[in-house]
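Worksheet for the structure shown next.
In full-length UniProt numbering, the protein residues as written are 1 to 305.
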């Protein structure tokens, strides 16, 4: 079946750097972060209301856990559990706390319940400075998986978690990896690296997600578009956006057939903003021909039983 997408509605959020969008199927809500505002937003679909959660530090990305009021978060300085009720952080790992100028960026919970997030070079202090990709497992152990990254982005996983996608925005490329397992316990070894998506020099691959058919949906900063690729890298659909800086994508909605797109107004001039007054808003498209997958949760039960 051919894939189509039609604009459905938008959320007037006016974020400086909207990112990290995910759908909570249990509460039927859309969640995302404005990194520069240190805020996580929660949009209730039925009520059409937005709740803003002020955070103690900038949030690159986050995921749900099996406790309703606890999020697993990649703050700018590291991994932590954040309790939305008590507003307390339990720090789990800060692997780059001594690398001045780096911060955490894009990430997700995988289908095995591990939380992955990567860093970027925000302010270069040394010529050799780069970012890395990390995996935080259910034992709260942090493992470095990739190095030599400028802007870690586009992280997403196939349905059975046998494939991992990860990009370096500065390199204009998204790679496909095989995610190897070791017996009954996931070793999370990345093998068979292959360049899947390459963008033009003025277009940067940002956040991404995978649908139930294994297609990769890529928000492309500077490209005014979201592009759907087959697992082989064939372009299946190009969705023009009314903003030049779409930042992240996720499937959601009652039937998991909405494509939810965040955006940013960061770095845009006054003239740019006059031409794209919706920059920083969230856009929802009705997709036909495929749908998304339920967002996995980070399992905390073993730590709070």
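Just so it is clear, CB atoms sit at the ideal spot from N, CA and C, and this is done for glycine as well. Quick caveat: nothing in here was measured; it's all calculated off a predicted structure.
Next on the checklist: Please return the same chain residues whose Cβ sits closer than 6 Å to the Cβ of residue 188, not counting the five positions on each side in sequence.
Outcome noted: 135.
Item to check | Coil, strand or helix - residue 6 by DSSP | outcome: Residue 6: strand per DSSP, three-state reduction.
Item to check | Buried or exposed by the 16-neighbour rule on C-beta atoms within 10 Å, applied to residue 9 | outcome: Classification of residue 9: exposed, given that the 10 Å Cβ count is below 16.
Item to check | Three-state secondary structure (DSSP) of residue 81 | outcome: In the structure shown, residue 81 adopts extended strand secondary structure according to DSSP, grouped into three states.
Next on the checklist: Classify residue 33: buried if its beta carbon has 16 or more other beta carbons within 10 angstroms, exposed otherwise.
Outcome noted: Under this definition residue 33 is a buried residue.
Checklist entry - According to the neighbour-count rule (16 or more other Cβ atoms, all chains shown, within 10 Å of its Cβ), is residue 275 buried or exposed? => result Flag for residue 275 reads exposed.
Checklist entry - Tell me the DSSP bridge mates of residue 263? => result In the DSSP output, where bridge partners are listed per residue, residue 263 has 246.
Checklist entry - Roughly how many whole angstroms lie between the Cα atoms of residue 84 and residue 29? => result C-alpha separation (whole angstroms): 15 Å.
Checklist entry - So, are the CB atoms of residue 100 and residue 264 less than 9 Å apart? => result Contact flag unset, no.
Item to check | Residue from 110, 104, 235 with nearest C-alpha to residue 123 | outcome: That would be 104, whose Cα lies nearest to the Cα of residue 123.
Item to check | As assigned by DSSP and simplified to three states, the class of residue 169 | outcome: Helix at residue 169.
Checklist entry - If you follow the beta strand (DSSP E) that residue 211 is part of, which residue opens it and which one closes it? => result Element bounds for residue 211: n/a, residue is neither H nor E.
Next on the checklist: According to DSSP, simplified to helix, strand and coil, what is residue 274?
Outcome noted: Of the three classes helix, strand and coil, the one that applies to residue 274 here is helix, per DSSP.
Checklist entry - Can you name, in chain order, every residue of its own chain whose Cβ lies under 8 Å from the Cβ of residue 157, other than the five neighbours on each side? => result The answer, listed in chain order, is 108, 110, 111, 163, 164, 165, 179, 210.
Checklist entry - What first and last residue would you give for the beta strand (DSSP E) that runs through residue 159? => result Counting along the chain, residue 159 falls outside any beta strand (DSSP E), and DSSP gives it neither H nor E.
Item to check | CB contact flag (residue 73, residue 59, <9 Å) | outcome: Between residue 73 and residue 59, the C-beta gap is smaller than 9 Å, which places the two residues in contact.
Item to check | Inter-residue Cα distance where the pair is residue 97 and residue 120 | outcome: Roughly 13 Å separates the two Cα atoms.
Checklist entry - Comparing the C-beta of residue 74 with each C-beta of chain B, is any distance below 9 Å? => result Looking for chain B here will not work: only one protein chain is present.
Checklist entry - Looking at residue 13 and residue 213, is the spacing between their C-beta atoms short of 9 Å? => result Taking 9 Å as the cut-off, the beta carbon of residue 213 is found no closer than this to the beta carbon of residue 13.
Checklist entry - In three-state DSSP terms, what is residue 300? => result Here DSSP, grouped into helix, strand and coil, assigns residue 300 to coil.
Checklist entry - Secondary structure at residue 35, three-state DSSP: helix, strand or coil? => result Residue 35: helix per DSSP, three-state reduction.
Next on the checklist: For residue 280, report the span of its beta strand (DSSP E) as first-last.
Outcome noted: That residue, residue 280, is in no beta strand (DSSP E); it is neither H nor E in DSSP.
Checklist entry - In the structure shown, what three-state DSSP assignment does residue 343 receive? => result This structure cannot speak to residue 343, because the chain is shown only from 1 to 305.
Next on the checklist: Rounded to whole angstroms, what is the Cα-Cα separation between residue 294 and residue 130?
Outcome noted: Roughly 33 Å separates the two Cα atoms.
Checklist entry - Taking residue 117 as the reference, which of 153, 254, 89, 250 has the closest Cα? => result Selected option, being the one with the closest Cα: 153.
Item to check | Rounded Cβ spacing between residue 238 and residue 66 (contact assumed at less than 8 Å) | outcome: At roughly 37 Å, the Cβ-Cβ gap does not stay under 8 Å, so residue 238 and residue 66 are not in contact.
Checklist entry - According to DSSP, is residue 44 helix, strand or coil? => result Residue 44: strand per DSSP, three-state reduction.
Next on the checklist: Could you compute how far the alpha carbon of residue 289 sits from the alpha carbon of residue 176?
Outcome noted: Distance between the alpha carbons of residue 289 and residue 176 is about 23 Å.
Checklist entry - Which whole-angstrom value is the C-beta distance of residue 287 and residue 37, which I expect to be below 8 Å? => result Contact flag wrong, Cβ pair sits at about 29 Å.
Item to check | Spatial distance of residue 307 from residue 215 (CA atoms) | outcome: Nothing can be reported for residue 307, as the shown portion of the chain is limited to 1 through 305.
Next on the checklist: If the criterion is Cβ atoms closer than 9 Å, does the pair residue 141 and residue 168 meet it?
Outcome noted: Cβ distance not < 9 Å, so residue 141 and residue 168 don't count as in contact.
Checklist entry - Distance, Cα to Cα, residue 182 vs residue 174? => result Only weak support is given to the placement of residue 182: the predicted model assigns it a pLDDT of 48, under 50, and the value that follows is read from those uncertain coordinates. So the alpha carbons of these two residues sit roughly 25 Å apart.
Item to check | Reduced DSSP category for residue 24 - H, G, I as helix; E, B as strand; rest coil | outcome: In the three-state reduction of the DSSP assignment, residue 24 falls in the strand class, which pools E and B.
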